[in-house]
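One structure is given below, encoded as structure tokens.
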Amino acid sequence: MLSSSRSFFLLAGQRRRSFHFQDSLNLLPRLRFKNTNNGSISSQLSTSTKSTVETTQRRSIPKDGITLSHFIHKKQGDDNPIAEHFDTEDIGEIPMPASLEENYLQQPQPQKFHLRTYGCQMNVSDSDIVRSILLSSDMEETSEEMDADVILTNTCAIRENAEQKIWQRLRELRAHDRKNPLFSTDRDGLLNRKRRIIGVLGCMAERLKEEMFRDGTADLVVGPDAYRDLPRLIQMLAQQPVERAVNVQLSLEETYADVKPVRRPVTGGVDVSAFVSIMRGCNNMCSYCVVPFTRGRERSREFTSIVEEVRQLVENDQIKEVVLLGQNVNSYHDKSKEAQESNPAATYQLSNDGFTNMFRLRGGAGYYFADLVAAVSDISPELRVRFTSPHPKDYPSELLQLMAERPNVCKQLHMPAQSGSSTVLKRMRRGYTREAYLELINRVQSTIPDVAFSSDFITGFCDETEEEHQETLSLMKLVQYDMAFMFAYSMRGKTHAHRNMQDNIPQDVKMARLSQIIDTFRTTIQEKNERTELGELRLVLVEGASRKGDHQLNGRTDQNKRILFDNVDCLSELPSSSTEKSCTVALKPGNYAVVQVTEVRGHTLKGRALCRTTLQEFHERKNKMDFIKLIHN
Ligand code: SAM
Ligand code: SF4
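Going by my numbering, the sequence shown opens with residue 25, and the numbers climb by one from there.
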């Protein structure tokens with residue numbers, strides 16, 4: 025699954041910081057590291073990932089330095105235009121070292137790692153991959169930062185403020201590391217300061233590369249496609265005379281399909297829901313977005329490996345809900361040889377005529393997103409299927425029809441509009457107009473009654489006028505979104521907007537517009553939920569205790585609305601009439617329950633649990649259930 029060759033850098037500085045710490049702590053200093061190169065040394069190693077043998081060899085480096093495009097391997101005959109967009113900053117010339125082996129000194133192996141995740145669900149899912157890779161290399165996870173030999177932070181680069189939080193964390197970690205050094209005892213009983221490695225993973229690592237080493241905050245920088253190299257880079261940092269290691273190579277093929285994610289329950293209890301990554305990268309090149317540069321080109325994981333992972337989650341872990349994950353999840357296309365042979369007649373379809381695909385090369389045999397949703401929902405009629413994050417261009421009628429017909433495919437769609445103005449959408453390079461988007465919304469509503477919509481919005485994009493902003497407010501009022509994620513525009517390096525437009529909306533105007541869209545969302549959702557939810561019977565998947573404690577449970581409706589209800593016994597099964605006697609039962613995480621909505625608090629609901637049920641039973645009888653309201657009145 026990996027590209028045939030990989031490159032990474034090891035950078036060694038003048039002296040290891042640990043010397044200073046030992047000195048300042050007045051401990052017996054033991055020279056653990058001899059740097060024969062007085063001054064700065066840096067090296068580039070090249071290695072084959074197909075074997076574990078590492079080779080040190082010279083590579084020719086262009087006079088004008090190395091850019092990201094040197095790490096993106098083009099397949100022969102692949103004239104995909106996206107690679108040309110990766111016009112990253114140069115990272116400069118990298119001289120070779122004298123000899124790394126000369127400097128080799130045995131260090132204790134790092135054993136414990138601590139992993140913290142920032143950003144989107146893709147990052148949470150990537151952290152599950154990282155955890156799996158490290159655990160299978162004989163490391164163990166610790167929840168205590170200062171107990172760890174290796175502290176990893178999985179990062180987000182989508183907006184400037186996300187990156188500022190990471191810088192702050194790295195500075196704090198370095199300061200804590202100074203105050204709480206790690207020690208190991210050697211064979212002679214001497215206490216030695218052990219190096220604690222601070223590593224940065226994910227999108228910010230990919231975006232900033234060696235810049236992440238600024239002010240000595242990080243020792244290790246690894247991009248989203250290079251996690252398989254983590255164990256080796258960690259061992260090298262511990263054992264070799266190098267101060268820093270970086271691998272930010274992007275891949276055309278890496279999907280980590282064969283790595284079984286090791287998930288950690290979100291609540292500390294039992295998770296009833298699991299995220300399953302089905303594709304990586306994005307080819308869309310929206311003009312504001314850094315994702316195609318930090319996560320590389322779009323590639324889909326093999327159909328069979330996804331279906332097998334979900335089957336195991338259902339059978340072994342009693343998972344009741346899967347969320348299929350990807351940056352543009354509904355553009356999924358498994359075009360492996362096996363997929364093409366199994367599904368030779370398949371072809372790609374856009375949502376409808378008003379949408380264009382920024383990425384021209386689509387189509388051909390194989391498995392598409394609707395095939396995958398069908399196969400996953402076939403695994404169990406009691407398994408809820410959701411997906412995120414989709415793009416509005418990839419909603420062919422086949423997919424909408426499937427959602428309408430299958431009771432276990434949830435009736436909730438993320439339809440990230442970003443703006444309600446066609447002129448802004450054009451500058452954003454979204455590939456649709458306001459009119460096409462609204463037509464799609466109407467088509468979905470007529471195909472899937474009771475559907476809920478969520479959306480992302482960016483406010484204050486380059487040149488956004490007051491009139492254009494008002495169009496976003498009017499779109500929000502028209503669609504009446506059930507959930508919205510709203511952001512002030514943050515200019516990102518390397519994007520089309522960064523190269524061609526000006527971030528010319530003053531921050532105070534951006535923030536004022538942001539608070540207007542937030543207010544609009546709040547007002548419309550309160551009105552909508554009061555109108556459509558109050559008194560309704562909803563099928564709720566119980567997730568566990570609410571934040572307020574065990575006396576209150578928390579769950580989600582089919583439409584993905586959070587609902588809170590008292591943790592009191594309810595009927596153990598659906599009675600067939602209002603006079604039938606039935607036992608009562610306490611609900612548990614993973615149960616489905618019929619919950620009546622009693623109160624609306626914006627996008628969150630409050631209710632009372634009437635009865636335990638199953639997904640199938642609820643759908644078979646949902647139109648004939650009003651009598652259970654009677655039982656409880
Ligand atoms: N692929 C998804 C899509 O097309 O909707 C979105 C993925 S992106 C990680 C999540 C959201 O972040 C986007 O939908 C957009 O609203 C927001 N976003 C992306 N770039 C941004 C930027 N430069 N400034 C502010 N918000 C941004
Ligand atoms: Fe970014 Fe657009 Fe891709 Fe979403 S579809 S990740 S907004 S480039």
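The beta carbon of each residue, even a glycine, is placed where N, CA and C say it ideally should be.
Skipping 5 residues on each side, what residues in its chain have a beta carbon closer than 7 Å to that of residue i?
i       : result
Ile-557 : The sequence shown places Glu at residue 557, rather than the Ile named in the question. For Glu-557, where only same-chain residues beyond five positions count, the Cβ hits under 7 Å are Val-621, Val-624 and Leu-629.
Ala-229 : Thr-179, Met-236, Val-245, Val-246, Gly-247 and Val-272
Leu-310 : Checking the sequence, you will find Cys at residue 310 rather than Leu. Taken in chain order, the residues that qualify are Met-452, Arg-453 and Arg-454.
Gln-135 : Met-163, Glu-164 and Asp-173
Leu-261 : Ile-221, Asp-243, Leu-244 and Ala-269
Ala-521 : Ser-311, Tyr-312, Cys-486 and Met-515
Within 10 angstroms of its Cβ, does residue i collect 16 or more other Cβ (buried), or is it exposed?
i       : result
His-627 : buried
Asn-528 : exposed
Gln-436 : buried
Ser-160 : exposed
Pro-530 : exposed
Glu-322 : buried
Gln-192 : exposed
Phe-589 : buried
Tyr-128 : Confidence at Tyr-128 is low in this model, with a pLDDT of 39, below 50, so its placement is unreliable and the value that follows should be read with caution. Exposed: under 16 other Cβ atoms inside 10 Å.
Leu-502 : exposed
Asp-201 : buried
Ile-652 : buried
Gly-484 : buried
Arg-377 : In the sequence on display, residue 377 carries Asp and not Arg. Under this definition Asp-377 is an exposed residue.
Leu-214 : exposed
Asp-152 : buried
What's the gap between the Cα of residue i and the Cα of residue j?
i       : j       : result
Glu-463 : Ala-172 : 53 Å
Ser-29  : Leu-274 : In this prediction, Ser-29 scores a pLDDT of 33, lower than 50, which makes its location untrustworthy; the coordinate-derived value is nonetheless stated afterwards. Ser-29 and Leu-274: Cα-Cα distance of roughly 11 Å.
Ser-479 : Cys-144 : 15 Å
Lys-585 : Leu-565 : 11 Å
Gln-576 : Pro-414 : 33 Å
Lys-284 : Leu-244 : 24 Å
Val-397 : Lys-203 : 51 Å
Asn-216 : Pro-205 : 10 Å
Ser-596 : Val-400 : 28 Å
Ala-633 : Val-346 : 23 Å
Gly-444 : Arg-458 : 6 Å
Val-331 : Tyr-142 : 28 Å
Tyr-461 : Glu-422 : 18 Å
Asp-506 : Ala-476 : 6 Å
Tyr-312 : Ile-465 : 24 Å
Met-515 : Pro-405 : 44 Å
Glu-491 : Asn-524 : 22 Å
Thr-637 : Pro-416 : 34 Å
His-643 : Ser-601 : 17 Å
Val-592 : Gln-526 : 57 Å
Thr-380 : Gln-373 : 11 Å
Leu-639 : Thr-209 : 58 Å
Cys-12  : Asp-282 : Residue 12 is absent from the model: the chain starts at 25 and stops at 657.
Tyr-251 : Lys-233 : 15 Å
Ile-549 : Ala-441 : 17 Å
Gln-259 : Arg-219 : 11 Å
Leu-337 : Lys-344 : 9 Å
Identify, in the order they occur along the chain, each residue of the same chain with its Cβ nearer than 8 Å to the Cβ of residue i, setting aside the five sequence neighbours on each side.
i       : result
His-138 : Glu-165, Thr-166, Ser-167, Glu-168, Glu-169, Asp-171, Ala-172, Val-174, Ile-175 and Leu-176
Val-353 : Ile-302, Met-303, Phe-393, Phe-411, Thr-412, Ser-413 and Pro-414
By Cβ distance below 6 Å, which residues in the same chain neighbour residue i in space, the five residues on each side in sequence not counted?
i       : result
Tyr-391 : Phe-327, Asp-358, Ala-363 and Asn-367
Thr-544 : Leu-497 and Met-500
Val-294 : Pro-613
Leu-158 : Phe-137
Ala-21  : Outside the shown range of the chain (25 to 657) lies residue 21, about which nothing can therefore be said.
Phe-383 : Asn-307
Glu-551 : none
Glu-604 : none
Arg-386 : Tyr-372
Gly-559 : none
Leu-51  : In this prediction, Leu-51 scores a pLDDT of 25, lower than 50, which makes its location untrustworthy; no coordinate-derived value is stated.
With distances taken from each beta carbon to the nearest heavy atom of ligand 2, which residues come in below 6 Å, in chain order? Cys-306, Asn-308, Met-309, Cys-310, Cys-313, Val-315, Pro-316, Gln-351, Asn-352 and His-415
In the segment 490-562, which residue ranges form an unbroken beta strand (DSSP E) of at least 3 residues, counting only runs that do not cross its ends? 507-512
Fully enclosed by the segment 152-226, which beta strand (DSSP E) runs are 3 residues long or longer? 174-179, 206-209, 215-218 and 221-226
Taking the runs of the beta strand (DSSP E) that are 3 residues or longer, which of them lie wholly in the segment 377-465? 408-412 and 436-438
Could you tell me which whole beta strand (DSSP E) segments of length 3 or greater appear in the segment 324-373? 345-349
Residue ranges of each beta strand (DSSP E) run of no fewer than 3 residues wholly in the segment 280-311, ordered along the chain? 297-301
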